[in-house]
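Per my numbering, the sequence shown runs over residues 2 to 304.
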Amino acid sequence: DIPAFQRNVLVRFIIAPLRAPRSAKSYKKIWMEEGSPLLVYSERAAKKLQTVLGENFIVQLAMRYQNPSIERGLNMLRENNVEKIIVVPLFPQYASASNGSAQSEVMRIVRKWFAIPDIHFMGSFHNNGLFIKAFSEIGKKYQPENYDHILFSFHGLPERQIKKTVPQNNCLTENCCDCIHEKNQLCYRAQCFDTARLIAAQLDIVKEKYTVCFQSRLGKTPWIKPYTTDVIKKIAQEGKKKILVFSPAFVADCLETIYEIGVEYDLEFKKLGGEKIQLVESLNDSDVWIECLRQRLMSDGSI
2 DIPAFQRNVL VRFIIAPLRA PRSAKSYKKI WMEEGSPLLV YSERAAKKLQ TVLGENFIVQ
62 LAMRYQNPSI ERGLNMLREN NVEKIIVVPL FPQYASASNG SAQSEVMRIV RKWFAIPDIH
122 FMGSFHNNGL FIKAFSEIGK KYQPENYDHI LFSFHGLPER QIKKTVPQNN CLTENCCDCI
182 HEKNQLCYRA QCFDTARLIA AQLDIVKEKY TVCFQSRLGK TPWIKPYTTD VIKKIAQEGK
242 KKILVFSPAF VADCLETIYE IGVEYDLEFK KLGGEKIQLV ESLNDSDVWI ECLRQRLMSD
302 GSI
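Next up, the structure:
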């Protein structure tokens with residue numbers, strides 16, 4: 002929710018350097034043989050999608066603040082003289098800081114081109130049937146009924162960003178995210194709650210047995226609540242011992258899932274008297290996820 006130039010300065014010269022030492026140490030604990038989990042799973046998914054789409058399509062992976070960059074990906078497509086570019090943000094729930102930022106970066110780059118091909122942006126997919134099915138199938142194998150409580154932990158955002166998305170002053174109030182309607186349909190928090198409800202329904206998890214919460218808070222400004230750390234403390238105080246955690250804001254496992262939830266939160270829960278936090282792995286390069294991507298592309302009407 003700040004101008005692009007200021008956001009880039011903030012990310013590249015303030016947030017990234019501050020995070021780097023901690024992130025480097027944490028990543029060493031989760032590093033895969035081929036590299037970082039996020040990149041490895043994303044590359045595998047891109048290759049699988051290329052295979053199922055066939056030679057008439059070119060699938061190019063790109064990342065907003067890491068490599069391979071959006072600019073590199075777009076230039077690769079440009080060199081192949083493509084007629085149309087379909088941008089598929091891999092953020093299930095819409096946020097200006099993720100989907101919006103990626104779209105802005107694409108436009109910043111292509112507006113410099115002399116000849117601009119047709120460009121289509123696909124939207125968020127928090128309630129897509131195959132997306133919900135994919136997470137549900139992965140979660141089912143953990144037998145949620147054998148856990149004392151289920152968490153749906155999403156990446157957090159500053160409250161001010163939510164209020165800018167929903168300017169009617171009825172956001173972040175009690176029960177404001179109980180359902181999706183015209184006024185909150187672009188609200189990140191409301192979409193997160195909707196994703197959780199849909200997965201819970203698929204797995205027959207009753208409302209009393211799960212909690213939606215938000216992780217990865219930065220700084221001291223208010224972020225959307227409840228915070229995952231606070232929820233874990235409350236569950237431990239209630240004497241519950243086993244927690245199953247979904248993280249459906251991420252389609253590929255990364256530092257925030259494998260380490261923050263699977264290591265840090267698990268350790269904190271055990272210190273508070275709990276026995277185990279079990280992370281449900283993300284969609285990664287699973288066949289059901291690749292089929293979800295394929296069907297979204299085929300049914301979007303842009304191909």
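All C-beta atoms, glycine included, are put in the ideal place defined by N, C-alpha and C.
Check: Given Glu44 as reference, the closest of Tyr260, Ile291, Gln104, Arg297 once Cα atoms are compared; Outcome: Ile291
Check: Candidates Ser102, Cys193, Ile206, of which the one nearest Tyr148 by Cα; Outcome: Ile206
Check: Assigned exposure category for Ser300 - 16 Cβ within 10 Å defines buried; Outcome: exposed
Check: Under 7 Å between C-beta atoms of Ile86 and Ile120; Outcome: yes
Check: Limits of the beta strand (DSSP E) - the one that Leu280 falls within; Outcome: 277 to 280
Check: Alpha carbon of Ile15 to alpha carbon of Glu257, nearest angstrom; Outcome: For Ile15, the pLDDT reaches just 45, beneath the cut-off of 50, and the residue's location in the model is therefore unreliable, although a value from the coordinates is still provided. Ile15 and Glu257: Cα-Cα distance of roughly 19 Å.
Check: Local Cβ density within 10 Å of Arg161, reported as buried at 16 or more and exposed below that; Outcome: exposed
Check: First through last residue of the beta strand (DSSP E) which encompasses Asp119; Outcome: 119 to 122
Check: For Tyr66 and Lys210, the rounded distance between their alpha carbons; Outcome: 37 Å
Check: Stretch pair the segment 126 to 146 + the segment 270 to 278: three plus CB contacts closer than 8 Å; Outcome: no
Check: Neighbour flag for Ser37 against chain D, beta carbons, 7 Å; Outcome: In the structure shown, chain D cannot be found, because there is only a single protein chain.
Check: Through-space distance from Phe153 to Ser99, alpha-carbon basis; Outcome: 19 Å
Check: 4 or more residues per run - each alpha helix (DSSP H) lying fully within the segment 37 to 97; Outcome: 38 to 54, 71 to 80
Check: Check whether Ile31 and Tyr260 have beta carbons under 7 Å apart; Outcome: yes
Check: Where the beta strand (DSSP E) through Ser154 begins and ends; Outcome: 150 to 156
Check: Three CB pairs or more closer than 8 Å across the segment 106 to 126 and the segment 213 to 229; Outcome: no
Check: Environment of His156 [buried if 16+ CB atoms lie within 10 Å]; Outcome: buried
Check: Close Cβ partners of Ile181 (< 8 Å) along its chain, the five nearest in sequence each way excluded; Outcome: Asn128, Ala191, Gln192, Asp195
Check: Distance between Ser105 and Leu298 (C-alpha atoms, nearest Å); Outcome: 21 Å
Check: Three-state class that DSSP yields for Leu19 in the structure shown; Outcome: Annotation note: pLDDT 45 at Leu19 (below 50); position unreliable, coordinate value reported separately. Leu19 falls in the helix class under three-state DSSP.
Check: Per-residue DSSP class, three states only, for Val264; Outcome: helix
Check: Residue closest to Leu245, alpha-carbon to alpha-carbon, out of Cys255, Ala253, Val88, Thr229; Outcome: Thr229
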